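Take a look at the structure below.
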Amino acid sequence: MPVLRNIGDLASCRAEGGQAEIHAISNAALAWRDGVVCWLGPEDTLPFQYTADESFDADGRLVVPGLVDCHTHLAFAGWRAGEFEQRILGRSYLEIAEAGGGILSTVRATRTASQEDLYKRSRLFLDEMLALGVTTVECKSGYGLSLEEELKQLAVYRKLAEAGPVRIVPTLLAAHVVPPEYREDRGGYVDLVVGEIIPQTAWAGLARCCDVFLEESAFSYDESRRVLEAGNAAGLLGKLHADQLTDGGGARLAAEVGAVSADHLECISDEGIQAVAEAGVVAVSLPIATLYLNQDPMPARRLIDAGAAVAVATDFNPGSAPSYHLPFAMTLACNLQRMTPAEVLKGATLYAARAVGLEDRIGSLEPGKAADFAVIDAPDVDHWLYHLQPNACVATFIGGEITSGSLPA
Ligand code: NIG
Ligand code: FE
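Residue numbers (our numbering): 2 to 410.
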């Protein structure tokens with residue numbers, strides 16, 4: 002069975018302890034069989050039965066669980082660089098949206114794109130994410146906003162999942178904004194989402210999670226509750242874009258409906274912090290969006306101190322977060338959110354896996370879990386996230402197979 006030897010620091014990121022406890026082992030080795038981890042520990046205690054087979058040399062580098070990007074809007078057409086300039090000149094994200102730009106401009110572009118075009122673009126993004134050490138990507142719909150167009154986006158994700166090697170977690174976000182054809186009939190659109198889009202998506206097995214954008218410019222508290230309850234009834238895990246631009250009670254709603262995550266939370270209230278911490282809802286921070294929208298950051302320290310798990314993801318999309326660079330988001334989380342590098346690593350691995358309901362299979366390195374890991378050219382996690390580089394990842398393994406980069410034997 003294959004073994005990775007000569008690991009300088011192996012951050013296993015198993016669950017025990019708090020956000021800062023990443024359970025690093027120095028001078029370590031890692032062994033796996035049939036794509037699943039079977040042993041890890043100090044190399045000088047490697048049992049004899051693991052020493053015979055194929056071996057890789059990490060050359061004293063850092064090894065971390067494969068990164069999990071638990072919040073992206075991966076498949077979209079077009080870009081919105083013009084809005085970037087407008088925001089720098091002082092126009093807000095909401096003003097741009099009200100004038101017909103924002104999410105709706107990407108909806109127009111994505112509706113006219115073919116499934117094949119969306120697939121090709123997403124494939125290129127995924128290959129680059131893989132090279133950065135990302136092994137699982139949550140991918141939202143939400144630029145279709147009709148039954149047919151939402152299913153088109155989700156079909157792209159199914160094809161990407163089948164093609165591998167990156168693991169894909171598809172999420173239905175039909176309740177992203179109200180589409181223009183329903184502007185005078187918001188209730189009619191919520192009826193369509195609840196009565197048709199959610200059940201048909203679940204029936205076709207095209208999504209694992211159901212997300213909603215609770216915001217003044219998108220869906221109200223009561224509309225969001227209807228959507229999430231319909232998602233629950235269809236067996237989808239709940240997620241929310243919550244308290245991003247205003248405090249809409251999204252964190253509280255996430256707790257009430259048993260959502261797996263509440264994402265953004267830049268404007269979360271004290272009550273919301275208590276609610277997600279007590280309910281075990283993962284608070285997903287999206288610091289690239291915080292930076293691009295020039296906001297005050299999510300109060301990560303207060304969330305962690307209240308006992309909440311804080312994940313870190315990119316929010317990759319053409320508006321608020323035009324980057325799929327998860328290590329960049331991780332460095333931003335340190336600087337903007339005052340999280341330590343160790344806390345951020347747990348947030349981009351184990352807690353990110355929890356935010357998509359896959360904590361039992363991925364997100365940490367321990368016997369019985371997938372052999373998904375990244376070999377990072379840094380001595381430890383502090384050094385990795387401090388020294389921002391284009392790409393510090395030298396090799397990415399998924400299910401025990403080397404899928405990007407290279408390592409000597
Ligand atoms: O997570 N907040 C809503 N949705 C995305 C933005 C999508 C877009 O601007 O196209 C977000 O920030
Ligand atoms: Fe988002």
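The beta carbon of each residue, even a glycine, is placed where N, CA and C say it ideally should be. Keep in mind the model is a prediction, meaning the values are calculated, not measured.
Can you check which of these residues, G281, E230 and F214, is closest to G250 by C-alpha distance?
F214
Can you pull the DSSP bridge partners for A30?
G42
Can you tell which of C210, Q296, L337 and W33 has its C-alpha closest to the C-alpha of V313?
Checked all of C210, Q296, L337 and W33; the closest Cα to V313 is L337.
Of the choices T52, D58, F49 and R62, whose alpha-carbon is the least far from that of I26?
R62
Residues near S56 by beta carbon distance below 8 Å, same chain, minus five either side
P3, V4, L5, R6 and A410
Please confirm whether G358 and R209 have their CB atoms less than 9 Å apart.
yes
Could you compute how far the alpha carbon of Y158 sits from the alpha carbon of I23?
31 Å
If we ignore side chains and look at the alpha-carbon of each, how far apart do A219 and E117 end up?
29 Å
Can you round the beta-carbon distance between V138 and P368 to whole angstroms, since I take them to be within the 8 Å contact cut?
Not quite, the Cβ-Cβ distance comes to about 25 Å (not below 8 Å), so this is no contact.
Compute every distance between the C-beta of S123 and the non-hydrogen atoms of the ligand FE, then say whether any falls below 8 Å.
S123 Cβ: outside cutoff for every heavy atom of the ligand FE.
Could you work out which residue in V178, G320 and M340 is closest to P298 when comparing CA atoms only?
M340
List, from N- to C-terminal side, the alpha helix (DSSP H) runs of 4 residues or more that fit wholly inside the region 36–114.
Restricted to the region 36–114, the alpha helix (DSSP H) segments that are unbroken, complete and at least 4 residues in length are 82–89, 94–99 and 104–113, listed in chain order.
Neighbour-count burial assignment, S142, 16 or more Cβ in a 10 Å radius
Burial call: buried.
By alpha-carbon positions, which one of L229, R112, C211 and I198 ends up nearest to P181?
R112
3-residue-minimum beta strand (DSSP E) runs that sit fully inside the region 172–256, ordered along the chain:
Segments of the beta strand (DSSP E) lying fully in the region 172–256: 210–214 and 238–243.
Extract the residue ranges of the beta strand (DSSP E) inside the region 124–155, only unbroken runs of 3 or more that lie entirely within it.
The qualifying runs are 135–141.
Nearest CA to the CA of R303: which residue from G281, E197 and Q275?
Per the C-alpha coordinates, the member of G281, E197 and Q275 positioned closest to R303 is Q275.
If you follow the alpha helix (DSSP H) that I1 is part of, which residue opens it and which one closes it?
Past the edges of the chain, shown from 2 to 410, lies residue 1, and the structure says nothing about it.
8 Å CB neighbourhood of I97 in its chain, flanking five on each side removed:
E84, Q87, R88 and G103
Counting Cβ pairs, one atom from each stretch, are 3 or more of them under 8 Å apart for the region 220–237 and the region 183–199?
yes
I think V65 touches F374, with their Cβ atoms under 8 Å apart; what is that distance to the nearest whole Å?
7 Å
Helix, strand or coil for A276? Go by DSSP, reduced to three states.
helix
Are L319 and H72 closer than 9 Å when you measure CB to CB?
Looking at the sequence itself, residue 319 is Pro, so the reference to Leu does not match. Not a contact, by the Cβ cut-off of 9 Å.
Sub-9 Å separation of A82 and T107 beta-carbons:
no
Can you list, in chain order, the residues of its chain with a C-beta nearer than 6 Å to that of V258? Leave out the 5 residues immediately preceding and following it.
L229 and G239
According to the neighbour-count rule (16 or more other Cβ atoms, all chains shown, within 10 Å of its Cβ), is G46 buried or exposed?
The question names Gly, but residue 46 is Thr in the sequence shown. Per the 10 Å Cβ criterion, exposed.
Within the same chain, show all residues whose beta-carbon is closer than 8 Å to that of E217, passing over the 5 residues directly before and after it, in chain order.
L95, L246, T247 and G249
Can you give the Cα-Cα distance for V277 and Y51, rounded to whole angstroms?
C-alpha separation (whole angstroms): 43 Å.
Element boundaries [alpha helix (DSSP H), containing D383]:
V382 to Y387
Every unbroken beta strand (DSSP E) within the region 291–360, with a cutoff of 3 residues, ordered by chain:
Entirely contained in the region 291–360, the beta strand (DSSP E) runs reaching 3 residues are, in chain order, 311–313.
Please state whether the Cβ-Cβ distance between L386 and C335 is less than 9 Å.
yes
Which term fits G189, buried or exposed, when burial requires 16 or more other beta carbons within 10 angstroms of its beta carbon?
Under a 10 Å Cβ-count criterion, G189 is classified as exposed, with fewer than 16 other Cβ atoms of the shown protein chains found around its own Cβ.
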